[in-house]
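Student: Residue numbers (the working numbering), protein chains in the order written: chain A, 5 to 339; chain B, 68 to 262; chain C, -16 to 148; chain D, 10 to 406.
Glycine is no exception: its CB is placed at the ideal position from the N, C-alpha and C atoms.
The model shown is predicted, which means the values in this text are computed figures rather than measured ones.
Right, here's the structure in full:
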């Protein structure tokens, strides 16, 4: 029986189908889980009860109820909207998120596709979502949406650079761009890279927040200024796509950060033989720690102004990241 | 705490001195009613009076500007008890920012086609107040930089705060209080056949 | 008095803010009774104060159809109709008494602005405030409460609160 | 003085504007928008994110209170004016009632005066707490909202316990505070004095409010992002503010030490020791800070009043049952949470005023919007508008 299953999964198409199914299930699941966590945690930070009605205890079914509600809603498209672009935008945003799951190693060998340029691929694919955002903003025929889309584009340009530069330090230390390779490098080094690459880690997290357009960098949405930014005109399941993509993106960005800086699926003092099973749990634990920080930030900070964000990116983060690279490279050569 | 005009004759009101000097500086008549200094000036000296108040009396804070429609025939509310001369009284209160002294300037305008010079040049805050007064009382403010209705839609007809403007909500519905208890029905003859 | 708090190391303010939110989170999770500010509304209800102006109750027996409330109401939302009736004398040989009977007493809560003037002017203690608040309707017309419905509210009239000193 | 960096920035901006031909668009903010506090509408010409010719459009909530009060009696108007600035409904009643009392020459009993002071200051605390809640929210921080509203609810519950209304207390009567529940034979004997335990609970609630002020200060004031968003933004010079009729905390933030509680005698504020908080620069930060400090000053007043309130005594002066105000005109203004609120009553001896002019603070406060919003960025529109703390009911009346 096990032989049969192994055989079946060795077939390319079957394994591809299985992986696709897994990713397709994971995104809504993670989206709902994180969405629910955000609702509950924010409630507690504000001395509220939070959702409690749906599903009985703790309101665990709140997000399922929300999803059902979204599907029941009318799919509104503004009359002046650029219809094909308007419809394509949420799909593009979600696809960018799905594609990111491909390169994240959940355990030794537990990776959908271990690319040799994994991190390069991840950072490139992560910015596809922003193109979807820009499309959404442009096609909505709404001035608020347009401004939201343009802000997202400006943010992408400003933050892609520190994001990439922050990663370079880890890549230099590992000597490989494969995500699994970087984790293995940390295992063989015996410490997570964050201990050395703390500057890179900090820059990466700040840039990731900007990339995800979460508070304090949520200017593209900025509900008090731009109503809802680029999602103003979306309703029903198209809005749900944006919603899921936001939380799934939070997960993948945290997973990348965990892989690059926190040792990925590895934890010191955990025997390597158990990583096969414990690895995914360890990674998810680290990811939840990082996403908790993001949620924590969101419910504590106000938002920047667009020009202050650009100043921060170009005048602080990029020079810092460059200095980090220079020092890392020098030390790598010297030591 | 309070004082009426009759008090001021017996004891001098604490504000009397200031009121007199203000009236002299501006050129008008001052009257103190219930701790409120009202300074009457003529309509052609309206802008001059307020400029003097700002520059010489140091009344730099613009509080409000509005009007009263003195009319004998009213469509809404109770009419006045005694006949008065029909006019529109324009009021403007300004204050200083140290001791809290305030003066209400007043001028009379004719009920038909009232018009006065705008004081936006003197107190920039009068802009919206004059627009409100203009649409509510039909007063023309000459030289207002941005005339036009403030609250009401462009197509609105009439000047709501004039006494000749009826309050429609009170016109379309009968007053529930006007109903009276039905009188006792005439005693039916069956009960008292012999009566 | 200065409007500037002391200058500190950059980032210190951010950390202080993070500290406030996380403390609140743990306080709310660990001691929900003390620190939770909201309740699970339809399941748990807060009791309004006795003086709360929720809805007006009518004691039909006490009403003499004097029309004071309808006349004093600023919104004209009370509609009263009544007629006079003769009652047999209380003692044999006494005078025949005339009593006003209430035919209609409606309050239109769609118009009412809860000022309480009617309750205040009522000279015969026929109107009372009760703190009930759950009487929303899906149709505007149903906001008109007739005298029977107003009478039903009488059961919810609370005792007046004790006074300070 | 033009520094080198200023010059360089200016040159670079000039160059950009020559090279880039951008199209301007008209941005319509409101009347339904998350940060317009109701139904204010702004029409702005926007070039990129910079706004020019911002035109506020008001009147979506105009209820015509000045006309309505011409057909109402004085007690009926008291119920109406609660709704002008509904965030601090109690404070609205005071100047109107005091003006009517002035015309009638009525002396209000001391205990009633103290109750008025306590409740007015509680209204101020609750109003400023709403500002403490909404302003960081407009800048993106949601948590201070709940902290401030949590304690505002405490204050409102106490106000409701005394008056029966959270937002619309309708508690003042000419000659004092609401004397008893009704005029019937039974209820007449139930005076509406403070409910038992009110003073103690208020004292506790005020201490909690002070704690929350600390908490909000930790959460918001130190925050570098909040400082960057508010310092130097929307500077209002004192003389411009005065000419526009801007009053209250907005004017004090510009450095004008002027508080009607100190100069007018509508309530016995001279018996209490409190400071007038002033700002330095008149920017958004100062407006925020002045309100935070005013909460603390109000708490001081409330706690002094709780200590000093006469233990018992009449709550009502002798007034006729059907109130008719003698002929006369007067203007009474009060320091409301939003600024100077005043009523000019013209009475001809009838049961209602011949004319009632309502001077509301927010109306004058936002009349300067088109001046202060000239050439600012779109996010700063929200920051400046929020810092003025207006209520549309107070603007449109």
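For a test of your reading of the model: does the CB of residue 238 of chain B fall under 8 Å from any non-hydrogen atom of the ligand FMN? Yes or no.
Tutor: Among the components modelled here there is no ligand, and therefore nothing to report on the ligand FMN.
Student: What residue does the beta strand (DSSP E) around residue 337 of chain D start on, and which one ends it?
Tutor: Taken as a continuous stretch (DSSP letters only), the beta strand (DSSP E) holding residue 337 of chain D covers 337 to 345.
Student: Do residue 216 of chain B and residue 208 of chain B count as a contact pair if the criterion is CB distance below 9 Å?
Tutor: Not a contact, by the Cβ cut-off of 9 Å.
Student: What residue does the beta strand (DSSP E) around residue 367 of chain D start on, and which one ends it?
Tutor: Unbroken beta strand (DSSP E) run through residue 367 of chain D: 364 to 368.
Student: Counting only Cβ pairs nearer than 7 Å, list the residues of chain C close to residue 244 of chain B.
Tutor: What residue 244 of chain B touches in chain C: 50, 53, 54.
Student: When the distance is taken between beta carbons, is residue 386 of chain D closer than 9 Å to residue 51 of chain D?
Tutor: Not a contact, by the Cβ cut-off of 9 Å.
Student: Identify which residue in B:102, B:234, B:122, B:88 has its Cα closest to the Cα of residue 109 of chain D.
Tutor: That would be B:102, whose Cα lies nearest to the Cα of residue 109 of chain D.
Student: Report the neighbours of residue 233 of chain D on chain C: residues whose CB is nearer than 8 Å to its CB, in chain order.
Tutor: Those are -7, -6, -4, -3, listed as they occur along chain C.
Student: Who are the Cβ neighbours of residue 51 of chain C in its own chain at under 7 Å, not counting the five residues just before and after it?
Tutor: Within the same chain, residue 51 of chain C has close Cβ partners 104, 105, 106.
Student: Give the residues of chain B in contact with residue 173 of chain C, contact being defined as C-beta atoms less than 8 Å apart.
Tutor: There is simply no residue 173 of chain C to check, as chain C begins at -16 and stops at 148 in what is shown.
Student: Please check if any C-beta of chain D sits within less than 9 Å of the C-beta of residue 127 of chain B.
Tutor: So yes, residue 127 of chain B belongs to the interface.
Student: According to DSSP, what are the bridge partners of residue 98 of chain B?
Tutor: Beta-bridge pairing links residue 98 of chain B to B:105.
Student: Which value, in whole angstroms, describes the spacing of the CA atoms of residue 130 of chain C and residue 221 of chain D?
Tutor: Approximately 47 Å between the Cα atoms of the pair.
Student: With a cut-off of 8 Å, do at least 3 Cβ pairs link the stretch 216 to 233 of chain D to the stretch 154 to 173 of chain D?
Tutor: Counting Cβ pairs under 8 Å, three or more are found: they touch.
Student: Can you name, in chain order, every residue of its own chain whose Cβ lies under 6 Å from the Cβ of residue 241 of chain D, other than the five neighbours on each side?
Tutor: So the qualifying residues of the chain are 292.
Student: Nearest chain C C-beta to residue 143 of chain B closer than 9 Å, yes or no?
Tutor: No, because no Cβ of chain C sits closer than 9 Å to the Cβ of residue 143 of chain B.
Student: Can you tell which of A:240, A:201, A:126 has its C-alpha closest to the C-alpha of residue 184 of chain A?
Tutor: Considering only alpha carbons, the answer is A:126.
Student: Would you kindly report the start and end of the unbroken alpha helix (DSSP H) that includes residue 34 of chain A?
Tutor: Looking at the DSSP string, the run of the alpha helix (DSSP H) that includes residue 34 of chain A is 16 to 49.
Student: By Cβ distance, which residues of its chain are closer than 6 Å to residue 294 of chain D, with the 5 residues on each side in sequence left out?
Tutor: Closer than 6 Å at the Cβ level, and outside the excluded window around residue 294 of chain D, lie 239, 240.
Student: Inspect the beta-carbon positions of residue 115 of chain C and residue 65 of chain C and report whether they are closer than 9 Å.
Tutor: No, the pair does not count as a contact, with Cβ atoms beyond the cut-off.
Student: Kindly identify the DSSP beta-bridge partner or partners of residue 113 of chain C.
Tutor: C:38.
Student: Looking only at C-alpha atoms, which of D:265, D:285, D:153 sits nearest to residue 228 of chain D?
Tutor: Closest option to residue 228 of chain D, Cα to Cα, is D:153.
Student: Okay, do the stretch 111 to 126 of chain C and the stretch 24 to 33 of chain C touch, 3+ Cβ pairs below 8 Å being the bar?
Tutor: Taking 8 Å as the limit for Cβ pairs, the verdict is that the stretch 24 to 33 of chain C does touch the stretch 111 to 126 of chain C.
Student: Reducing DSSP to helix, strand and coil, say where residue 168 of chain B ends up.
Tutor: If DSSP states are grouped into helix, strand and coil, residue 168 of chain B belongs with coil.
Student: Could you tell me the alpha carbon to alpha carbon distance between residue 398 of chain D and residue 199 of chain A, rounded to whole angstroms?
Tutor: Using only the alpha carbons, I get a separation of about 47 Å.
Student: Three-state secondary structure (DSSP) at residue 185 of chain B?
Tutor: Three-state DSSP puts residue 185 of chain B in coil, outside helix and strand.
Student: What does residue 129 of chain B pair with, by DSSP beta-bridge criteria?
Tutor: Beta-bridge pairing links residue 129 of chain B to B:161.
Student: Would you report the Cα separation of residue 169 of chain B and residue 251 of chain D, rounded to the nearest angstrom?
Tutor: Approximately 13 Å, taken between the alpha carbons.
Student: Assuming residue 163 of chain B contacts residue 126 of chain B (C-beta within less than 8 Å), just tell me the rounded distance between them.
Tutor: Indeed they touch by this definition, with Cβ atoms about 5 Å apart.
Student: What runs of the alpha helix (DSSP H), each 4 residues or longer, lie entirely inside the stretch 272 to 337 of chain D?
Tutor: Complete alpha helix (DSSP H) runs here, min 4: 293 to 317.
Student: Please classify residue 23 of chain C: does DSSP put it in a helix, a strand, or coil?
Tutor: In this structure, residue 23 of chain C counts as coil in the three-state DSSP scheme.
Student: According to DSSP, what are the bridge partners of residue 92 of chain C?
Tutor: In the DSSP output, where bridge partners are listed per residue, residue 92 of chain C has none listed.
Student: Answer yes or no: does any C-beta atom of chain B fall closer than 9 Å to that of residue 100 of chain C?
Tutor: Not closer than 9 Å to any Cβ of chain B, the Cβ of residue 100 of chain C fails to qualify, so no.
Student: Excluding five sequence neighbours on each side, which residues of the same chain lie with their C-beta closer than 8 Å to the C-beta of residue 79 of chain C?
Tutor: Excluding residues within five positions, the ones whose Cβ falls inside 8 Å are 69, 70, 71, 72.
Student: Does the distance from the C-beta atom of residue 132 of chain D to that of residue 97 of chain D stay below 9 Å?
Tutor: Contact: yes.
Student: At 7 Å on the CB atoms, spell out the chain A contacts of residue 152 of chain D, in chain order.
Tutor: Simply 49, 50, 303, 304.
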